[in-house]
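Peer 1: Quick one: structure below, then a few questions.
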Amino acid sequence: MNRRLPPAIVQERVTVQVKWFNPTKGFGFVVPEDDDNSDAFLHASVLPLEDAAMIAEGVTLVCDLAQGQKGLMVSTVYSVDASTAAPQPSRGPSPGPRPGGFGGGMDRGPRHHQSSGPPGEPGEGTVKFFNDAKGFGFVTPDNGGQDVFVSARILGRAGLQTLETAQRVRYVARQGDKGPMAEKIEPL
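In my numbering, the protein residues as written are 273 to 460.
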């Protein structure tokens, strides 16, 4: 098992602005308000679930910055202020579907992380497996329903590094395109 120590925090509760963020890829960069010369990596896994959709250029965050392997990175987000976001230019009507195959993403089917449907349902279960290298696993619900997909992103939001086989957990799951998927998870 490959468990890394969390990166060392170098600045606590610092105010930063989002320089850019790609919600499709789940990452971007922020700039501390008091230092225009350095930026820090922002990964979607550290964003509060309810605020992730609001992240755009100019949004203000209060966060901890840590020293990662490749430079500064956001390690914890305490607050999100979307009122400072830069206005997004209108792109006009969509030209419709494009042929896929060259990075457009239109050549692939639905993915687990695309969720739809009503807010999640709470449950408890047992970890079937979690693959650290691939960043996902499954929980077998106590109620006997379909296994629940768990991504590393959800673990990160819960402050967890991994899950152990046969570990007992409590989760909130919603119906995704390919079945139930965890929105929140915690060990019991």
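Backbone N, C-alpha and C define an ideal beta-carbon position, used for all residues, glycine too.
So, helix, strand or coil for E436, using DSSP?
Peer 2: Three-state DSSP puts E436 in coil, outside helix and strand.
Peer 1: Alpha carbon to alpha carbon, what distance is there between T348 and E458?
Peer 2: 17 Å
Peer 1: Rounding to the nearest angstrom, what Cα-Cα distance links E305 and Q289 in this structure?
Peer 2: 7 Å
Peer 1: Do you know whose CA, among G416, G428, F301, Q439, lies nearest F401's CA?
Peer 2: Q439
Peer 1: What residue range does the beta strand (DSSP E) around G409 cover?
Peer 2: 408 to 413
Peer 1: Look at L344 and A312 and say whether their C-beta atoms are less than 7 Å apart.
Peer 2: With a cutoff of 7 Å on beta-carbon distance, L344 and A312 are scored as near each other.
Peer 1: Let's see if you can read the secondary structure: which residues bound the alpha helix (DSSP H) around A424?
Peer 2: 424 to 429
Peer 1: Which partner residues of M326 appear in the DSSP bridge assignment?
Peer 2: According to DSSP, M326 bridges with nothing at all.
Peer 1: By how many angstroms is the C-alpha of E329 removed from the C-alpha of S351?
Peer 2: 16 Å
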